[in-house]
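For reference, the structure discussed in these notes is given below.
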Ligand SMILES: [Zn+2]
């Protein structure tokens, strides 16, 4: 234990660009540095994903929170600031933000800010305001957009969590094609699922743990416990020598951004959430195989889009007017060609309407379909001459079930709550320092 020490929270965001760097990798570098300082780690590093439906996110809109105990916060803060200044990919458009908070407990204002960043679009102006009003120790480069995630990461309160082990490449390998043994990933998944998840797509035979960009991540293994992702990583074989790995506690797989109900009369572009309503028109399949339909709730309508890669367009096509559904997703901004659309990320069928087809009645005596005698003239059996006035109802069986439909795993976002986690909530695991949560090979 460190005497006369204080707890220091560190929030980092937006150090990467589409061309390079990765906030988790910079955090790994910082943790490697901190390991050689006279400090104590208080918790796993956290990787918090925020609203994925904002326009300027780099890849997954993830920010990192580190919690340490130190006797010399000033020195540590200076060092970390230098790391962020030196390694952020600002020349390719990164707008890094770094926030320090020196106290064990985190004020409610941070939690509130974090909660909003999960589903809304928060301007950098708001973040700068927050920092100055609360006299928070912070640093930013570029336009300072990264302050949003840096504050949000510190303020994030876990109610459920998962883990991700991210492994990093050596400098000389960054940018080269990642070669991983496909079978090892498939075997790892079948041996460890559901303690790990979304590693391999059995349907399309695709490895899901390796990113495709020029960032330093080699692979990321998601799972329920720190132990499960560490064990799983030993089962995966890569074709290159890796630099090391770090395990993050994360809100991935928790559906965090879709928890709040959207207000139909206030559907701001780029917000995320869910809506409950009734299907109010026949779904239309448009060019590219995307399916659109509208939902009515509280007397107002909104268009919803289910996209081809989700592989649940068939489900959307089979909806009929009157079906009661709950949909989650993000609001796409209106453009010249279309109004606002909810980009559907889950479709929960709550109640199926009856699919009734009106047909000519059948003659009870002859068991034959009657013939129409003309508009509003009723029906007549051509065999025996019996008459009936109205058509009869025929109920067509539905091709849908009332249940939850999720996109196929390869179309999942980081935050998508997968089927096997629908009812699962992990109690916040204590920080187990006996586990190799950071490791340099
Ligand atoms: Zn008849």
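In this note's numbering, the protein residues as written are 5 to 445. Note that the Cβ used here is the ideal one computed from N, Cα and C, for glycine as well.
**Report entry** Where residue 192 falls: helix, strand or coil (DSSP)
**Finding:** helix
Query raised in the report: Got a sec? Which residues, its chain only, sit under 6 Å from residue 87 by beta carbon, not counting five neighbours each side?
Result: 34
Query raised in the report: Just to confirm, does residue 390 get its C-beta within under 6 Å of one of the non-hydrogen atoms of ligand 1?
Result: yes
Report task. Report the three-state DSSP secondary structure of residue 119 (helix, strand or coil). Result -> helix
Query raised in the report: Does ligand 1 have even one heavy atom less than 6 Å from the beta-carbon of residue 369?
Result: yes
Query raised in the report: Is residue 432 buried or exposed, if buried means 16 or more other CB atoms sit within 10 Å of its CB?
Result: Residue 432 should be labelled exposed.
Query - the stretch 189–196 in contact with the stretch 131–148 per 3-pair CB rule at 8 Å - result: no
Query - residue 304 (DSSP reduced to helix, strand or coil) - result: Strand.
Report task. Please classify residue 32: does DSSP put it in a helix, a strand, or coil? Result -> helix
Query raised in the report: If you run the structure through DSSP and keep just helix, strand and coil, what is residue 355?
Result: strand
**Report entry** residue 168 burial status per 10 Å Cβ neighbour count (16 or more: buried)
**Finding:** buried
Query raised in the report: Any heavy atom of ligand 1 within a distance shorter than 6 Å of the CB on residue 377?
Result: no
Query - beta-carbon residue 387 near ligand 1 non-hydrogen atom, thresh 6 Å - result: yes
Query raised in the report: In the DSSP assignment, what residue or residues form a beta bridge with residue 242?
Result: In DSSP, residue 242 forms a bridge with 184.
Report task. Compare the C-alpha of residue 398 against each of 132, 425, 358 and 384 and name the closest. Result -> 358
Query - Exposure label - residue 381; buried when at least 16 CB within 10 Å - result: exposed
Requested in this report: Excluding the 5 residues preceding and the 5 following residue 198 in the sequence, name in chain order all residues of the same chain whose CB lies nearer than 6 Å to its CB.
Outcome: 424
Query - Cα-Cα separation between residue 122 and residue 429, rounded to whole angstroms - result: 18 Å
Query raised in the report: Of all the alpha helix (DSSP H) runs that stay within the bounds of the stretch 276–345, which reach a length of 4 or more residues?
Result: Qualifying alpha helix (DSSP H) stretches, in chain order: 317–321.
Query raised in the report: Alpha carbon to alpha carbon, what distance is there between residue 325 and residue 470?
Result: Because the chain in this structure spans residues 5 to 445, residue 470 falls outside the shown range and cannot be described.
Requested in this report: Put residue 67 into one of helix, strand or coil per three-state DSSP.
Outcome: strand
Requested in this report: Inspect the CB distances between the stretch 116–131 and the stretch 72–86 and report whether three or more fall short of 8 Å.
Outcome: At 8 Å Cβ cutoff, the stretches do not touch.
Query raised in the report: Among 378, 341 and 271, which residue has its Cα nearest to the Cα of residue 333?
Result: 271
Query raised in the report: If you check the beta carbons only, do residue 14 and residue 27 fall under 7 Å apart?
Result: no
Requested in this report: Indicate the three-state DSSP secondary structure (helix, strand or coil) for residue 160 in the structure shown.
Outcome: coil
Requested in this report: Report buried or exposed for residue 183, applying the criterion of at least 16 other Cβ atoms within 10 angstroms of its Cβ.
Outcome: exposed
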